[in-house]
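Accompanying notes for the structure given below.
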Amino acid sequence: MSYRTQVITVFGGSGFIGRHLIRRLAKSGAVVRIATRNPGKAAFLKTAGAVGQIVPFATDCAKDESVARALQGADVAINLLGVLYERGSQSFQAVHVDAAARIARLAKAAGVGRLVHLSAIGADAASPAAYARSKAAGEQAVLAAFPTATILRPSIVFGPEDNFFNKFAAMAQKAPVLPLIGGGKTRFQPVYVGDLADAVVAALDLDGARGKTYELGGPRVYSFKELLELMQKDIQRHRPLVTLPWNVAESLAGFLEKIPVLAPALTRDQVAMLKRDTVVAQGALGFKDLGITELASCEVILPTYLSRFIVGGKYNGQTGNAH
1 MSYRTQVITV
11 FGGSGFIGRH
21 LIRRLAKSGA
31 VVRIATRNPG
41 KAAFLKTAGA
51 VGQIVPFATD
61 CAKDESVARA
71 LQGADVAINL
81 LGVLYERGSQ
91 SFQAVHVDAA
101 ARIARLAKAA
111 GVGRLVHLSA
121 IGADAASPAA
131 YARSKAAGEQ
141 AVLAAFPTAT
151 ILRPSIVFGP
161 EDNFFNKFAA
171 MAQKAPVLPL
181 IGGGKTRFQP
191 VYVGDLADAV
201 VAALDLDGAR
211 GKTYELGGPR
221 VYSFKELLEL
231 MQKDIQRHRP
241 LVTLPWNVAE
251 SLAGFLEKIP
261 VLAPALTRDQ
271 VAMLKRDTVV
281 AQGALGFKDL
291 GITELASCEV
301 ILPTYLSRFI
311 VGGKYNGQTG
321 NAH
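Just so you know, full-length UniProt numbering puts 199 at position 199 of the sequence shown, and the rest follows in order with no gaps.
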């Protein structure tokens, strides 16, 4: 990949997925604009490239003129915007549909050559979860405005800053038990954030990816129960796993989502999401179609960042020299 003369605008580039992608885009030599509400929070990424190559750019994705400025002169646009729960103006409709449509429409008007839009496996207008319905509506809006856009749908994404394994590992530190919502049978195909970032770059390189949708899952499918067991093994804790029936989980989530904290522990919409598997559909285009065949597994990656949850540290209880 070489875009030395190009400008790439990344919406949501300072988030979990964005920080891994920005480092890869920087290697291409392109100027990378990180379109974000708070440029100060993206400043740490400037060291990923040469002086002046990574440019945090104040952008309000609710306003046409702000998005248009971020796209002015850009050759490529990448939309990583997403929220896992709704808070105030950050609704699923506003972020997954309205902002996505605005970015696609204004990218087309600005003459941007390529658009990559990050969605999610499970995006479905008929889903019981508002999150998944909004992701489906966002895809439709993007393709209506920018028909050659590439849609990437990952399963749950894991890595050092993830919101899944870190969340449950922190819970295992304090809670006497861990909840198996609906019995823990829901299936996932976790994808490493580095592999997802590679897929975005590959989609930009592949001319045949225009207008296509790719479902991105890791090398193995796990049940929710298996993922909690794997996480507990890595942090050397063994909390009992207690089945939480769907109706009890919904009632609990209804209470938790009303607590005025930054991130609710559980929402009713997340419970609804757990009623469907998050795995690559049979026959869907995937990593192999983007030329990516080697994928990182949970077993290899999780110990590299969950070790901070081990009592006494990574080498506690080990004999011999620790290197």
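Glycine included, each C-beta is placed from N, C-alpha and C at the ideal position.
Between the region 38–45 and the region 115–123, can you find at least three pairs of beta-carbon atoms closer than 8 Å? no
Measuring CB atoms only, is the region 181–196 touching the region 213–224, in the sense that at least three cross pairs come out at less than 8 Å? yes
Whole angstroms are fine: how far does the CA of residue 61 sit from the CA of residue 103? Within the sequence shown, the letter at position 103 stands for residue 103. Within the sequence shown, the letter at position 61 stands for residue 61. Cα to Cα, residue 103 sits roughly 8 Å from residue 61.
Are the beta-carbon atoms of residue 13 and residue 35 separated by less than 8 Å? In the sequence shown, the residue the question calls residue 13 occupies position 13. In the sequence shown, the residue the question calls residue 35 occupies position 35. Closer than 8 Å, so yes.
So does the region 122–131 actually touch the region 191–202, counting three or more Cβ pairs closer than 8 Å? no
Does the distance from the C-beta atom of residue 271 to that of residue 253 stay below 8 Å? For this step, residue 271 is matched to residue 271 along the sequence shown. For this step, residue 253 is matched to residue 253 along the sequence shown. Yes; because the gap between Cβ atoms is below 8 Å, this pair is in contact.
Rounded C-beta distance between residue 199 and residue 143? I'm assuming under 8 Å. In the sequence shown, counting from the first residue as 1, residue 199 sits at position 199. In the sequence shown, counting from the first residue as 1, residue 143 sits at position 143. Contact doesn't hold; Cβ gap of about 18 Å is too wide.
Element boundaries [alpha helix (DSSP H), containing residue 20]: By 1-based counting over the sequence shown, the position of residue 20 is 20. Per DSSP, residue 20 belongs to the alpha helix (DSSP H) from 16–26.
Residue 71 beta carbon less than 8 Å from that of residue 110: Counting from 1 along the sequence shown, the entry for residue 110 is found at position 110. Counting from 1 along the sequence shown, the entry for residue 71 is found at position 71. A contact, by the Cβ cut-off of 8 Å.
Where residue 215 sits in the DSSP three-state scheme: Residue numbering aside, residue 215 sits at position 215 when the sequence shown is read from its first letter. It is a strand residue.
Once DSSP output is grouped into helix, strand and coil, what is the label at residue 90? What you label residue 90 is simply residue 90 of the sequence shown in a count that begins at 1. Residue 90: strand per DSSP, three-state reduction.
Would you say residue 135 and residue 155 are within 8 Å of each other, going by their C-beta atoms? The residue given as residue 135 occupies position 135 in the sequence shown. The residue given as residue 155 occupies position 155 in the sequence shown. The answer is no: Cβ separation not under 8 Å.
Straight-line Cα distance separating residue 78 from residue 17: Stepping through the sequence shown from its first residue, residue 17 is reached at position 17. Stepping through the sequence shown from its first residue, residue 78 is reached at position 78. Whole-angstrom Cα-Cα distance: 12 Å.
Contact between the region 227–247 and the region 164–177 (3+ Cβ pairs under 8 Å): yes
Verify whether the separation of the beta carbon atoms of residue 21 and residue 64 is less than 8 Å. Counting from 1 along the sequence shown, the entry for residue 21 is found at position 21. Counting from 1 along the sequence shown, the entry for residue 64 is found at position 64. It is not a contact, given that the beta carbons lie outside the stated cut-off.
By the 10 Å Cβ neighbour count, where 16 or more other Cβ atoms means buried, how is residue 5 classified, buried or exposed? As a position in the sequence shown, residue 5 is number 5, starting the count at 1. It is exposed - the Cβ of residue 5 has fewer than 16 other Cβ atoms within 10 Å.
Hey, residue 74 and residue 33 are a contact pair by Cβ (cut 8 Å); roughly how many whole angstroms apart? The residue you call residue 74 lines up with position 74 of the sequence shown. The residue you call residue 33 lines up with position 33 of the sequence shown. Right, the Cβ-Cβ distance comes to about 7 Å (below 8 Å), so this counts as a contact.
Do residue 285 and residue 212 come within 8 Å of each other at the CB atom, strictly closer than that value? For this step, residue 212 is matched to residue 212 along the sequence shown. For this step, residue 285 is matched to residue 285 along the sequence shown. The answer is yes: Cβ separation under 8 Å.
For the region 83–93 against the region 174–181, do three or more pairs of beta-carbon atoms, one drawn from each stretch, fall closer than 8 Å, so that the two count as touching? no
Given this structure, state the Cα-to-Cα distance separating residue 161 from residue 262, to the nearest angstrom. Numbered from its first residue, the sequence shown carries residue 161 at position 161. Numbered from its first residue, the sequence shown carries residue 262 at position 262. If you take the alpha carbons of residue 161 and residue 262, they lie about 16 Å apart.
Thinking just about the alpha-carbon of each residue, which of 173, 164 and 29 is nearest to the one in residue 239? Start at 1 with the first residue of the sequence shown, and residue 239 comes out as number 239. It is 173 whose Cα lies nearest to the Cα of residue 239.
Whose C-beta lies closer than 7 Å to the C-beta of residue 264 among residues of the same chain, with five residues either side of it excluded? Counting from one through the sequence shown, the residue named residue 264 turns up at place 264. Counting only Cβ-Cβ distances below 7 Å, and skipping sequence neighbours, we find 85, 256 and 257.
Please list, in chain order, all residues of the same chain as residue 266 whose beta carbon is under 7 Å from its beta carbon, the five residues on each side excluded. Numbered from its first residue, the sequence shown carries residue 266 at position 266. So the qualifying residues of the chain are 252, 253 and 256.
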